[in-house]
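>
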Amino acid sequence: MSEQRGSSAFEGSSDCTGVSKDQHNPSERRPSWRGRGIESPDLRRKSSERRRSIEKAPNRKHWWKFTLRSWDDDQEQDWWFAGTAIPLLAATMGPLANVLSIAALVTSWRMCLVDGVNPETCPWDGKSELLTDLEGHPFADPHWCYKLNIFSLALGFAGNIFLLFNFTNRIRYIIALPCTIILWYLATGVLIGIEASMNQYVPPQRPQQSYSQGFWYAVIAAIFYLICSMLLMVNMLGYFLGHYPQRFNLTDSQRTLILQTMLFFVWLAGGAGVFSLVETKYGLGLFNWSYVNSLYFCQVTVLTIGFGDLYPSSNVGRGLVMPYAVGGIIMLGLIVTSLTTFATELGEDNIVQKHIERTRTRTIGRSFTSSIELKEREELALGLKPTISRPFDPVNRSIAFAENTTPPRDNDPNQDQGTFLGLRRTATIPLTVLRPIRKPRLLLLREEKDRFNAMRRIQQKTEKWKKWSSLFISAAAFSILWCIGAVIFWVAERRVQDISYFQSLYLCWVSLLTVGYGDLAPKSNAGRPFFVVWSLVAVPTMTLLVSDMSDTIVNGFNQGTFRLA
1 MSEQRGSSAF EGSSDCTGVS KDQHNPSERR PSWRGRGIES PDLRRKSSER
51 RRSIEKAPNR KHWWKFTLRS WDDDQEQDWW FAGTAIPLLA ATMGPLANVL
101 SIAALVTSWR MCLVDGVNPE TCPWDGKSEL LTDLEGHPFA DPHWCYKLNI
151 FSLALGFAGN IFLLFNFTNR IRYIIALPCT IILWYLATGV LIGIEASMNQ
201 YVPPQRPQQS YSQGFWYAVI AAIFYLICSM LLMVNMLGYF LGHYPQRFNL
251 TDSQRTLILQ TMLFFVWLAG GAGVFSLVET KYGLGLFNWS YVNSLYFCQV
301 TVLTIGFGDL YPSSNVGRGL VMPYAVGGII MLGLIVTSLT TFATELGEDN
351 IVQKHIERTR TRTIGRSFTS SIELKEREEL ALGLKPTISR PFDPVNRSIA
401 FAENTTPPRD NDPNQDQGTF LGLRRTATIP LTVLRPIRKP RLLLLREEKD
451 RFNAMRRIQQ KTEKWKKWSS LFISAAAFSI LWCIGAVIFW VAERRVQDIS
501 YFQSLYLCWV SLLTVGYGDL APKSNAGRPF FVVWSLVAVP TMTLLVSDMS
551 DTIVNGFNQG TFRLA
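FYI, the numbering for the sequence shown is 1 to 565, going by UniProt numbering.
1. With C-beta atoms as the reference, is Phe489 less than 7 Å away from Leu507?
2. Can you say whether Ser550 is buried or exposed, counting buried as having 16 or more other CB atoms within 10 angstroms of its CB?
3. Determine the contact status of Leu89 and Leu231, defining contact as a CB-CB distance below 7 Å.
4. Should Asn169 be labelled buried (16 or more other beta-carbon atoms within 10 Å of its own) or exposed?
5. Check for me: the alpha helix (DSSP H) holding Ser535 runs from which residue to which?
6. Put Pro123 into one of helix, strand or coil per three-state DSSP.
7. Look up Tyr517 in the DSSP assignment and say whether it is helix, strand or coil.
8. Does DSSP put Pro207 in a helix, in a strand, or in coil?
9. Looking at the secondary structure, which residues open and close the beta strand (DSSP E) in which His137 lies?
10. Leaving out five residues on either side along the sequence, give the residues of the same chain with a beta carbon under 6 Å from the beta carbon of Phe287.
11. How is Phe392 classed by DSSP in three states: helix, strand or coil?
12. In the DSSP assignment, what residue or residues form a beta bridge with Met111?
13. Apart from the five residues just before and just after Gln260, which ones in its own chain have a Cβ nearer than 7 Å to its Cβ?
14. Check whether the Cβ atoms of Gly518 and Phe297 lie closer than 7 Å to each other.
15. Are the stretch 197-215 and the stretch 101-114 in contact at 8 Å, needing three or more beta carbon pairs?
16. Rounded to whole angstroms, how far is the Cβ of Val546 from the Cβ of Leu268, which I believe are closer than 8 Å?
17. Pull up the CB-CB distance for Gly328 and Val302, whole angstroms please, since I reckon it's below 8 Å.
18. Apart from the five residues on each side of it in sequence, which residues of its chain come closer than 8 Å, Cβ to Cβ, to Pro178?
19. Please report the residue range of the alpha helix (DSSP H) in which Pro95 lies.
20. Quick check: the stretch 466-477 against the stretch 492-505, are at least 3 beta-carbon pairs closer than 8 Å?
21. With H, G and I counted as helix, E and B as strand and the rest as coil, what does DSSP make of Trp338?
22. Indicate the three-state DSSP secondary structure (helix, strand or coil) for Lys46 in the structure shown.
23. If you run the structure through DSSP and keep just helix, strand and coil, what is Tyr244?
24. Could you check where the alpha helix (DSSP H) with Val190 kicks off and where it finishes?
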């Protein structure tokens with residue numbers, strides 16, 4: 001009977017002491033799962049039950065290895081970057097790609113840099129000085145290039161319309177998103193085909209001919225269409241894998257950001273067309289007011305950079321600048337504000353809350369409600385009381401290598417003193433000399449107030465961590481845009497202006513800070529299109545960096561000033 005009772009007690013069943021299989025004897029020393037990074041059995045069981053309930057949900061369809069969630073599925077969603085950030089990126093880059101496609105369509109892709117000759121033949125004696133890129137004479141492209149360019153623009157617009165209907169729930173996600181991806185892939189393929197064919201069959205004759213800004217706008221538009229299509233494919237993959245339902249998980253503020261972005265690009269493209277017509281008709285003819293140059297002027301005006309290398313010379317154009325600049329600056333400010341709100345919401349929901357939960361879990365894992373439990377845990381962590389028994393001294397123990405008492409032979413290959421078999425003495429290494437592993441300090445939380453204060457400290461530390469991490473991300477993005485942009489401007493402007501990399505850094509710096517002295521400005525056919533795209537990303541990034549600095553560095557400086565005062 002005693003053997004049966006001992007066996008049942010070992011297996012966890014009830015014995016004479018009244019301890020059931022779900023309980024354990026308080027006098028029994030058993031290692032705890034708390035604080036060791038091991039998931040609780042209860043949590044493991046709940047997680048598996050939740051996983052099975054999700055897989056058996058009635059609003060989900062399983063096809064092969066895919067899990068298709070319906071539109072009204074309100075289960076938990078993950079892959080937050082693919083479900084929220086990617087649709088916003090596509091909604092921002094798609095209209096921008098349409099604007100760049102318009103600029104590529106209305107502008108000839110080749111130009112002659114010789115003055116006073118037929119631009120198509122462009123004869124050059126090799127002695128006369130060539131014109132700069134901004135002074136070149138464009139000539140007509142082949143008809144097949146023009147028609148295919150129109151077709152590519154139509155595909156890009158259609159893909160953007162399907163994406164807009166997807167955001168407004170006018171067309172189902174499973175229909176609209178594949179249409180957008182396919183149309184933008186086709187637009188990319190058509191643009192790349194035109195560029196490759198022109199470079200192969202009708203390339204410009206170097207050095208008297210060159211590609212114009214329209215060609216480089218087409219290159220950038222193809223890149224943007226390709227990036228948007230690939231990003232949306234990641235979003236669709238997340239839907240097929242069951243990470244979110246067949247809809248975009250966007251809030252009202254995020255949908256407002258999409259609408260503001262589209263209106264801003266309409267304002268930018270429409271203003272370029274208006275200034276091109278007005279200055280060509282009423283201007284003094286000081287500058288070439290083509291559509292691409294007008295687009296560059298509108299961009300510099302709205303971003304308040306103001307290089308001064310292109311300005312209106314007619315009273316009509318000057319009168320239009322005043323309301324146009326005010327409207328564009330207001331729209332840009334609204335976009336930056338919405339972008340800041342979006343970044344805050346995204347970080348708060350997906351990064352900050354997870355950081356709080358991880359910190360809270362670690363704190364709970366090393367907190368105790370009684371001094372006895374704290375003392376036992378400290379002794380267990382130091383190895384002073386093993387779980388089963390203590391057959392040896394855990395502090396002053398040592399490791400000994402046995403002495404080799406076998407006499408060596410003359411032909412023994414292991415006779416070298418550098419091997420284990422060549423040891424002649426016992427090597428004793430006390431373990432107390434080894435540096436102990438640094439572990440987090442254990443906490444004793446006796447009262448409810450102590451636990452409340454601990455949670456408040458976690459929230460305060462997390463708020464501080466959020467501000468400084470946002471500053472670090474903004475500073476990293478600013479540095480990348482500054483340095484990488486300087487490299488591209490250096491390569492693009494080196495032939496025209498013969499600038500160094502340091503001068504290119506200076507150009508990017510005065511542009512990011514919207515100082516715009518005008519002593520250096522993009523003047524090449526490749527530099528201006530890149531500047532239009534780069535400044536649209538760089539200047540708002542600089543604004544976000546200033547906002548993050550005001551929450552951290554400037555706030556700390558103000559608090560230090562108040563203490564001194």
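Think of the CB as a built atom: it goes at the ideal place given N, C-alpha and C, for glycine as much as any other residue. These numbers were taken from a predicted model, which means no experiment stands behind them.
The structure says:
1. Taking the sequence shown and counting its residues from 1, the one referred to as residue 489 is at position 489. Taking the sequence shown and counting its residues from 1, the one referred to as residue 507 is at position 507. Result yes, Cβ atoms of Phe489 and Leu507 sit closer than 7 Å.
2. Residue 550 sits at position 550 when you count from the first residue of the sequence shown. With fewer than 16 other Cβ atoms within 10 Å, it is exposed.
3. Here residue 89 refers to the residue found at position 89 of the sequence shown. Here residue 231 refers to the residue found at position 231 of the sequence shown. It is a contact, given that the beta carbons lie within the stated cut-off.
4. Working through the sequence shown from its first residue, we reach residue 169 at position 169. Flag for Asn169 reads exposed.
5. One-based indexing of the sequence shown puts residue 535 at position 535. That run of the alpha helix (DSSP H) goes Gly527 to Asp551.
6. What you label residue 123 is simply residue 123 of the sequence shown in a count that begins at 1. Three-state result, Pro123: coil.
7. One-based indexing of the sequence shown puts residue 517 at position 517. The answer is coil: DSSP assigns Tyr517 none of H, G, I, E or B.
8. Position 207 of the sequence shown, counting from 1, holds the residue named residue 207. Residue state, collapsed to three classes: coil.
9. On the sequence shown, residue 137 is found 137 positions in, with the first residue counted as 1. Note, His137: beta strand (DSSP E), His137 to Phe139.
10. In the sequence shown, residue 287 corresponds to position 287, counting from 1. Correct list, in chain order: Leu310.
11. Start at 1 with the first residue of the sequence shown, and residue 392 comes out as number 392. Interpretation of Phe392 is limited by its pLDDT of 47, a score under 50 that renders its predicted location unreliable; the figure taken from the coordinates is listed afterwards. Coil at Phe392, not helix or strand.
12. Position 111 of the sequence shown, counted from the start, is the residue given in the question as residue 111. Paired residue(s): Pro138 and Ser210.
13. Taking the sequence shown and counting its residues from 1, the one referred to as residue 260 is at position 260. Counting only Cβ-Cβ distances below 7 Å, and skipping sequence neighbours, we find Met331, Leu334, Ile335 and Ser338.
14. Within the sequence shown, residue 518 is the residue found at index 518, counting from 1. Within the sequence shown, residue 297 is the residue found at index 297, counting from 1. Result no, Cβ atoms of Gly518 and Phe297 do not sit closer than 7 Å.
15. yes
16. Counted from its first residue, the sequence shown places residue 546 at position 546. Counted from its first residue, the sequence shown places residue 268 at position 268. Contact between Val546 and Leu268 is absent: CB atoms are separated by about 23 Å, not below the 8 Å threshold.
17. Within the sequence shown, numbered from 1, the residue matching residue 328 stands at position 328. Within the sequence shown, numbered from 1, the residue matching residue 302 stands at position 302. About 3 Å separates the two Cβ atoms, so the contact holds.
18. If you number the sequence shown from 1, residue 178 lands on position 178. Excluding positions up to five away in sequence, the list reads Met236.
19. Taking the sequence shown and counting its residues from 1, the one referred to as residue 95 is at position 95. Element bounds for Pro95: Ile86 to Leu105.
20. no
21. Walking along the sequence shown from the start, residue 338 turns up at place 338. In the sequence on display, residue 338 carries Ser and not Trp. Ser338 falls in the helix class under three-state DSSP.
22. As a first step, residue 46 must be located in the sequence shown, where it is residue number 46. Only weak support exists for where Lys46 lies, its pLDDT of 48 falling under 50; the value from the coordinates is given anyway. Looking at Lys46 - three-state DSSP - the assignment turns out to be helix.
23. Sequence index remark: in the sequence shown, residue 244 carries index 244 (1-based). Of the three classes helix, strand and coil, the one that applies to Tyr244 here is coil, per DSSP.
24. For the purposes of this step, residue 190 is taken as the residue at position 190 of the sequence shown. Note, Val190: alpha helix (DSSP H), Tyr173 to Tyr201.
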